[in-house]
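Presented below is the structure to which this report refers.
Numbering (UniProt numbering), first residue to last: 1 to 406.
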């Protein structure tokens, strides 16, 4: 057998697997284990082999899952937007809200959807068949149980979950976790420029394999007639189905490969700084199809004697920029109404930058205490029901000192 300690860059082995793939593998009692290949891009990209006690494709029932409101409204008239996500939280409902069915859609397009949830209840078993998920833990902690094993998740963690991974969020009774969920219609991975041609994170990357924490042992749960909520493609976009399985899907005795869920905490990201202000790509942590994810963290800033530490005004001519403010004191946005729990949307077609007075106030500073999660999309973003519900409509006039004639 191959032990879980045997691994190279990105490869991981957990539990027991046979010496040779696609060969007979039996339990000590002589029962056959069922091998499942979970792979991306039609057998031409990363994959893992999982060994189940029961047939993984067995289904004994199915019904429709009525998803939360997935409607999207165009950003018309075109405006920068300020969305106050903490205003969405109903303290009286948190204890009964779970991190999957309780998500509320903030922004989205055909490539990515951003949702928010404050939850105090354990989720049902869940599988996203549309794309990978990258869920940022704004506050609290949970245990993410998956078919690959369990992952402890804490404040500041990105939890990266590959497409179609069966999992659930387990929350201790009486506690609360707040999640900023980035759901792709593609895969999510570290930027290609950080990787060698063989997939190892390079020396110039702001994090390394030691910072990525995957499952370390199998997770075995008994159960019969177990429901799994599935988000998948439908004739009009996204739809949902609930499958009833004859046996609990957490029946894997071992697996190995390069495809699995993992966590990465932003404390382990090493900010890249320079003599003058550095552009947003130096803060990038992940990428998906037609979008990127960056994190802006507490850091030393520009050390040229005449440097302007806050960003210059800029037009993202090919992208919309979304920033989730989740820690510290964001220098460039002072006076805008933005605070912890805010999201700003700066759309392509509108130049944006520091609020009035922020440039002068930043001069001479050598350290910024701020934590922000940025998503840049290369197709326009639309407003979800939660985005509309949380909007501060005065934001667009904050650069003109409140003057508005529209």
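The beta carbon of each residue, even a glycine, is placed where N, CA and C say it ideally should be. Treat the numbers as computed from the prediction; the structure is a model and nothing was measured.
(message) Rounding to the nearest angstrom, what Cα-Cα distance links residue 66 and residue 404 in this structure?
(response) By one-based count along the chain shown, residue 66 stands at place 66. By one-based count along the chain shown, residue 404 stands at place 404. So the two alpha carbons sit approximately 41 Å from each other.
(message) Please classify residue 365 as buried or exposed, where buried requires at least 16 neighbouring CB atoms within 10 angstroms.
(response) Residue mapping note: residue 365 aligns to position 365 of the chain shown, counting from 1. Exposed, since its Cβ has fewer than 16 Cβ neighbours within 10 Å.
(request) Please state whether DSSP places residue 367 in a helix, a strand or coil. (result) In the chain shown, the residue the question calls residue 367 occupies position 367. Secondary structure of residue 367 (DSSP, three-state): strand.
(message) For a quick check, are the C-beta atoms of residue 360 and residue 105 less than 9 Å apart?
(response) Your numbering for residue 360 matches position 360 in the chain shown. Your numbering for residue 105 matches position 105 in the chain shown. For residue 360 and residue 105, no; Cβs fall outside 9 Å.
(request) Please classify residue 230: does DSSP put it in a helix, a strand, or coil? (result) In the chain shown, residue 230 corresponds to position 230, counting from 1. DSSP places residue 230 in strand when its eight states are reduced to three.
(request) Report the residue from 159, 193, 166 whose alpha carbon sits nearest the alpha carbon of residue 182. (result) As a working mapping, residue 182 is identified with position 182 in the chain shown. Here the closest residue by C-alpha is 159.
(request) Inspect the beta-carbon positions of residue 373 and residue 180 and report whether they are closer than 9 Å. (result) If you number the chain shown from 1, residue 373 lands on position 373. If you number the chain shown from 1, residue 180 lands on position 180. Taking 9 Å as the Cβ cut-off, residue 373 and residue 180 qualify as a contacting pair.
(message) Counting C-beta neighbours from all protein chains within 10 Å, is the total for residue 129 16 or more, i.e. buried, or is it exposed?
(response) Counting from 1 along the chain shown, the entry for residue 129 is found at position 129. Answer is exposed; the Cβ neighbour count stays below 16.
(request) Spell out the partners DSSP gives residue 134 in its beta bridges. (result) Within the chain shown, the letter at position 134 stands for residue 134. The partner list for residue 134 (beta bridge, DSSP) reads 160, 182.
(request) Using alpha carbons as the reference points, say which of 243, 175, 349, 102 lies closest to residue 62. (result) Residue numbering aside, residue 62 sits at position 62 when the chain shown is read from its first letter. Residue 62 has its Cα closest to that of 243, out of 243, 175, 349, 102.
(message) In whole angstroms, give me the CA-to-CA distance for residue 255 and residue 53.
(response) The count along the chain shown starts at 1 and reaches residue 255 at position 255. The count along the chain shown starts at 1 and reaches residue 53 at position 53. Approximately 12 Å between the Cα atoms of the pair.
(request) Using alpha carbons as the reference points, say which of 316, 264, 288, 318 lies closest to residue 154. (result) Sequence index remark: in the chain shown, residue 154 carries index 154 (1-based). Looking from the CA of residue 154, the closest CA among 316, 264, 288, 318 belongs to 264.
(request) For residue 323, write down the residues that DSSP places opposite it in a beta bridge. (result) By 1-based counting over the chain shown, the position of residue 323 is 323. Bridge partners of residue 323: 344, 374.
(message) Checking 9 Å against the spacing of the C-beta atoms, do residue 40 and residue 259 come in under that value?
(response) Stepping through the chain shown from its first residue, residue 40 is reached at position 40. Stepping through the chain shown from its first residue, residue 259 is reached at position 259. In contact: residue 40 and residue 259 (Cβ atoms closer than 9 Å).
(request) Quick one: residues in its chain with C-beta nearer than 6 Å to the C-beta of residue 131, no 5 flanking neighbours on either side, listed in chain order? (result) In the chain shown, residue 131 corresponds to position 131, counting from 1. If we look at residue 131 and ignore the five residues flanking it on each side, its Cβ neighbours are 163, 184, 185, 186.
(message) Under DSSP, the alpha helix (DSSP H) around residue 359 begins and ends at which residues?
(response) The residue given as residue 359 occupies position 359 in the chain shown. Element bounds for residue 359: 358–362.
(message) With a threshold of 8 Å, are at least 3 pairs of Cβ atoms found where one atom belongs to the stretch 385–401 and the other to the stretch 105–114?
(response) yes
(message) Rounding to the nearest angstrom, what Cα-Cα distance links residue 33 and residue 22 in this structure?
(response) The residue given as residue 33 occupies position 33 in the chain shown. The residue given as residue 22 occupies position 22 in the chain shown. When rounded, the distance between both Cα atoms is 11 Å.
(request) Return the residue from the list 390, 318, 319 that minimises the CA-CA distance to residue 342. (result) As a working note, residue 342 is residue 342 in the chain shown. Among 390, 318, 319, the Cα nearest to that of residue 342 is on 390.
(request) Rank 125, 167, 246, 142 by C-alpha distance to the C-alpha of residue 175 and give the top, closest one. (result) Within the chain shown, the letter at position 175 stands for residue 175. Checked all of 125, 167, 246, 142; the closest Cα to residue 175 is 142.
(request) Flag this pair as touching only if the stretch 231–240 and the stretch 273–291 have three or more C-beta atom pairs under 8 Å; answer yes or no. (result) no
(request) For the beta strand (DSSP E) holding residue 287, just list the boundary residues, first then last. (result) For the purposes of this step, residue 287 is taken as the residue at position 287 of the chain shown. First-last of the beta strand (DSSP E) with residue 287: 284–288.
(request) Compute the Euclidean distance between the alpha carbons of residue 245 and residue 273, then round it to the nearest angstrom. (result) By one-based count along the chain shown, residue 245 stands at place 245. By one-based count along the chain shown, residue 273 stands at place 273. Going from the Cα of residue 245 to the Cα of residue 273 covers about 51 Å.
(message) If distances are taken between C-alpha atoms only, which option among 398, 394, 92 comes closest to residue 353?
(response) Here residue 353 is taken as the residue at index 353 of the chain shown, counted from 1. Residue 353 has its Cα closest to that of 398, out of 398, 394, 92.
(request) Could you give the DSSP three-state label for residue 312: helix, strand or coil? (result) Within the chain shown, numbered from 1, the residue matching residue 312 stands at position 312. In the structure shown, residue 312 sits in coil (DSSP, three-state: anything other than H, G, I, E or B).
(request) Taking only the alpha-carbon atoms, compute the straight-line gap between residue 125 and residue 277 and give it to the nearest angstrom. (result) Counting from 1 along the chain shown, the entry for residue 125 is found at position 125. Counting from 1 along the chain shown, the entry for residue 277 is found at position 277. Cα to Cα, residue 125 sits roughly 45 Å from residue 277.
(request) Please look up how many angstroms separate the CB atoms of residue 188 and residue 288, rounded, as I've assumed it's under 8 Å. (result) Along the chain shown, one-based indexing puts residue 188 at 188. Along the chain shown, one-based indexing puts residue 288 at 288. Confirmed, Cβ separation roughly 5 Å.
(request) Apply the 10 Å Cβ neighbour rule to residue 313 and answer buried if 16 or more other Cβ atoms are within range, or exposed otherwise. (result) The residue labelled residue 313 in the question sits at position 313 within the chain shown. By the neighbour-count rule (16 or more Cβ atoms within 10 Å), residue 313 is not buried but exposed.
(message) Does residue 86 come out as helix, strand or coil in the three-state DSSP assignment?
(response) If you number the chain shown from 1, residue 86 lands on position 86. Here residue 86 sits in helix by DSSP.
(request) Check whether the Cβ atoms of residue 70 and residue 237 sit closer than 9 Å, and answer yes or no. (result) Within the chain shown, residue 70 is the residue found at index 70, counting from 1. Within the chain shown, residue 237 is the residue found at index 237, counting from 1. Judged by beta-carbon spacing, residue 237 lies within the 9 Å limit of residue 70, meaning their Cβ atoms are closer than that value.
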